[in-house]
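There are 2 protein chains.
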Amino acid sequence: MSETNPTGDQEFDAQGFARGIHELLVLAALRESPRHGYQIALDVEAHSNGVFRFRHGTLYPILHRMEANGLIQGRWSSGGGRRRKVYSLTDIGRRHLSGEADRVEDILAGLMRMLRRAREVPA
Amino acid sequence: MSETNPTGDQEFDAQGFARGIHELLVLAALRESPRHGYQIALDVEAHSNGVFRFRHGTLYPILHRMEANGLIQGRWSSGGGRRRKVYSLTDIGRRHLSGEADRVEDILAGLMRMLRRAREVPA
DNA sequence: CGATGATATATCGATTATCGATATAATGTT
DNA sequence: AACATTATATCGATAATCGATATATCATCG
Numbered sequence: 108m109s110e111t112n113p114t115g116d117q118e119f120d121a122q123g124f125a126r127g128i129h130e131l132l133v134l135a136a137l138r139e140s141p142r143h144g145y146q147i148a149l150d151v152e153a154h155s156n157g158v159f160r161f162r163h164g165t166l167y168p169i170l171h172r173m174e175a176n177g178l179i180q181g182r183w184s185s186g187g188g189r190r191r192k193v194y195s196l197t198d199i200g201r202r203h204l205s206g207e208a209d210r211v212e213d214i215l216a217g218l219m220r221m222l223r224r225a226r227e228v229p230a
Numbered sequence: 108m109s110e111t112n113p114t115g116d117q118e119f120d121a122q123g124f125a126r127g128i129h130e131l132l133v134l135a136a137l138r139e140s141p142r143h144g145y146q147i148a149l150d151v152e153a154h155s156n157g158v159f160r161f162r163h164g165t166l167y168p169i170l171h172r173m174e175a176n177g178l179i180q181g182r183w184s185s186g187g188g189r190r191r192k193v194y195s196l197t198d199i200g201r202r203h204l205s206g207e208a209d210r211v212e213d214i215l216a217g218l219m220r221m222l223r224r225a226r227e228v229p230a
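Have a look at this one:
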């Protein structure tokens with residue numbers, strides 16, 4: 108009963124799930140236009156009513172990792188003044204965004220089913 | 108903008124989320140009747156079309172932790188033969204199940220919103 | 001009746017990533 | 001001039017999954 112699951116559902120990897128969520132949040136924040144780190148954090152927080160929030164000790168390592176993996180590309184804003192690293196989606200990141208969105212949505216659907224079952228607790 | 112969020116939404120804790128999911132899977136599997144570890148693993152796998160799967164190196168530590176936290180209660184099946192530790196929901200576990208189900212569902216709803224936004228990627 | 005595979009529980013070490021704390025610096029405001 | 005906000009960065013502690021491994025029972029089949 109362990110053949111690759113026949114429904115086409117995606118598998119749940121507990122460790123990777125949170126990481127995937129974080130990366131999706133970043134990719135989604137960049138989907139329209141480039142942004143620097145702090146903007147990404149504010150964008151994510153604003154669009155989720157404060158549910159999702161990046162601590163900067165979390166965000167910047169994620170951005171570095173994603174840049175190393177080629178999902179995003181950062182460029183230091185030229186021109187004097189406050190240094191900002193502006194990130195934009197790469198083609199890889201754009202593909203990853205849609206692929207991961209599908210994958211995660213399947214998992215979320217599975218979780219929803221699980222929750223509905225869990226609600227049917229006999230009093 | 109960091110006061111306890113006003114919408115009543117639950118906050119997302121990346122680290123704790125996966126753990127919470129695992130615990131919910133166990134609690135949900137026990138909601139009807141007591142089961143031992145191996146049954147829980149099979150139950151979870153069966154009801155999720157193989158999306159969710161417990162490795163035993165993962166499951167048993169979780170069961171031990173949940174028992175230590177009072178969410179479930181294990182009893183070694185008396186009577187000769189193969190030793191089995193049968194777990195059942197405690198009252199605490201039952202309350203936790205419904206509370207956590209609400210909490211996680213809010214987060215899932217937030218993730219769904221995020222995914223919908225992510226899908227509107229300009230071609 | 002012996003071998004094999006499924007059932008069943010358990011522990012341990014390696015890995016890895018978040019998180020909090022902390023550092024640095026420029027900018028705007030009073 | 002002082003202070004809060006904006007902005008990026010690193011580091012160590014923490015914690016939990018995961019794979020590997022160990023042990024033992026039971027059923028089945030040759």
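Listed in order, the protein sequences are those of chains B and V.
This note's numbering numbers the first residue of the first sequence as 108 and each following residue consecutively.
This note's numbering numbers the first residue of the second sequence as 108 and each following residue consecutively.
Glycine included, C-beta positions come from ideal geometry on N, C-alpha and C.
Quick caveat: nothing in here was measured; it's all calculated off a predicted structure.
Assumed close pair residue i, residue j - CB separation to whole angstroms, cut-off 8 Å
i, j, result
"V211 (chain V)", "L132 (chain V)", "No, V211 (chain V) and L132 (chain V) are not in contact; Cβ-Cβ is about 11 Å, not under 8 Å."
"I179 (chain B)", "L137 (chain B)", "7 Å"
CB of residue i within 8 Å of CB of residue j, strictly
i, j, result
"I169 (chain B)", "A121 (chain V)", "no"
"L134 (chain B)", "L196 (chain B)", "yes"
"R190 (chain B)", "W183 (chain B)", "yes"
"R160 (chain B)", "H154 (chain V)", "no"
Alpha-carbon spacing of residue i relative to residue j, whole angstroms
i, j, result
"H163 (chain V)", "L218 (chain B)", "21 Å"
"K192 (chain V)", "Y194 (chain B)", "52 Å"
"R201 (chain V)", "T165 (chain V)", "22 Å"
"A208 (chain V)", "E118 (chain B)", "21 Å"
"D213 (chain B)", "G206 (chain B)", "11 Å"
"N156 (chain B)", "S185 (chain V)", "52 Å"
"H143 (chain B)", "N176 (chain V)", "42 Å"
"L215 (chain B)", "V158 (chain V)", "11 Å"
"R220 (chain V)", "V151 (chain B)", "12 Å"
"H203 (chain B)", "M173 (chain B)", "11 Å"
"Q146 (chain B)", "A125 (chain V)", "27 Å"
"Y167 (chain B)", "P141 (chain V)", "45 Å"
"E139 (chain B)", "G123 (chain B)", "26 Å"
"G253 (chain B)", "G181 (chain V)", "Outside the displayed range of chain B (108 to 230) lies residue 253 (chain B), so it cannot be described from this structure."
Residue environment, residue i, which counts as buried when at least 16 other CB atoms sit within 10 Å
i, result
"E227 (chain B)", "exposed"
"H171 (chain B)", "exposed"
"A148 (chain V)", "buried"
"P113 (chain B)", "A caution first: P113 (chain B) carries a pLDDT of 47, below 50, which makes its placement in the model too unreliable to give a value."
Which residues DSSP lists as bridging residue i, in chain order
i, result
"G181 (chain V)", "V:Y194"
"H143 (chain B)", "B:V193"
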